[in-house]
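Everything on this sheet refers to the single structure shown next.
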Amino acid sequence: VDGRHWLRLNHPMLDYPIISAAVHRLSSRTLKSMPKFLSDSRGQELLPAFERWERAIASRQLNPYRTASGRYSAYWRTIITNRYRGADARRHGGHTVPPSDYNMAYELWIGRRGYPEDVREATRLNLLVATFKGMAGRATTQRAFVITDLGFLGMAPETTRIGDMVCVFQGGEVPFVMGSGSSLGSVMSMGSWMESVKNARPEDVQVLRLS
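According to our numbering, the sequence shown is numbered sequentially starting from 157.
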């Protein structure tokens, strides 16, 4: 921030949400009972939301993730903020990057795949589903799933509105959303967005004046 009225933004990173969909606003009572909530009613509420979000993604022709599988990977990683609670997570502040096949937990949860007959393997997968539910429940609480005009996916503040500006401040790598309908807040976005920020050049910076 230069003074009080000027912002320097990375110009290629100016983007705008075209879809903003929060699950719903949670009460303080619900937030206090979050652990139980994540394991039952929250999970049931997220399933129809996931279905809507997948349809919205499929309807968009622009795909900055290059392939359908790349966009799918960005999607399921976004709804858990790309975090994982595994056996080795304690060494990484309680979270680590999820394994590449962690999407199996998502597929089992939404019912697109079935559990194997092997009891030991089914038990292992059931534990993965439980951790995925917990991560997704926390990641989507008071957040909105957004698809931007350039096709990027992210979790933004739940007050985000279509047409708000998504940008990256000079020197930073985390996208932020700004607009009349939302307070300043970070956006969890996966994939090529971060690559574009790291490759930004000095001439890509744009100075905007706040009204």
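All C-beta atoms in this analysis are idealised placements derived from N, C-alpha and C, irrespective of residue type, glycine included. The model shown is predicted, which means the values in this text are computed figures rather than measured ones.
- Bounds of the alpha helix (DSSP H) holding residue 296 are 275–296.
- Cβ-Cβ separation between residue 307 and residue 219: approximately 6 Å, consistent with a contact (criterion under 8 Å).
- Residue 314 sits buried, since 16 or more C-beta atoms from the chains shown fall within 10 Å of its C-beta.
- The straight-line gap separating the alpha-carbon atoms of residue 171 and residue 272 is approximately 43 Å.
- Within the same chain, 314 come within 6 Å of residue 298 by CB-CB distance, once the 5 residues on both sides are set aside.
- Straight-line spacing of the CA atoms in residue 267 and residue 232 works out to 15 Å.
- Apart from sequence neighbours up to five positions away, the residues of its chain that approach residue 206 with a beta-carbon distance below 7 Å are 266, ordered along the chain.
- Distance check between residue 302 and each of 230, 225, 328 places 230 closest, using alpha-carbon atoms only.
- Assigned with DSSP and collapsed to three states, residue 266 falls in helix.
- Assignment of residue 222 by DSSP, reduced to helix, strand and coil, places it in the coil class.
- If you check the CB distance, residue 176 and residue 316 come in under 7 Å.
- Approximately 7 Å separates the beta-carbon atoms of residue 304 and residue 174; this is inside 8 Å, confirming the contact.
- Where residue 335 is concerned, the enclosing beta strand (DSSP E) starts and stops at 332–335.
- When the Cα atoms are used, residue 335 and residue 323 turn out to be separated by approximately 11 Å.
- Residue 240 carries a strand assignment under DSSP once its states are collapsed to helix, strand and coil.
- In the DSSP assignment, residue 304 falls within the beta strand (DSSP E) that extends over 299–304.
- Nearest C-alpha to residue 204 among 256, 312, 178, 216: 178.
- The DSSP-derived three-state label of residue 175 is strand.
- The alpha carbon of residue 252 has as its nearest neighbour, out of 332, 240, 226, 292, the alpha carbon of 240.
- The shortest CA-to-CA distance from residue 263 to any of 341, 215, 289 is the one to 289.
- C-alpha of residue 228 to C-alpha of residue 325: approximately 27 Å in a straight line.
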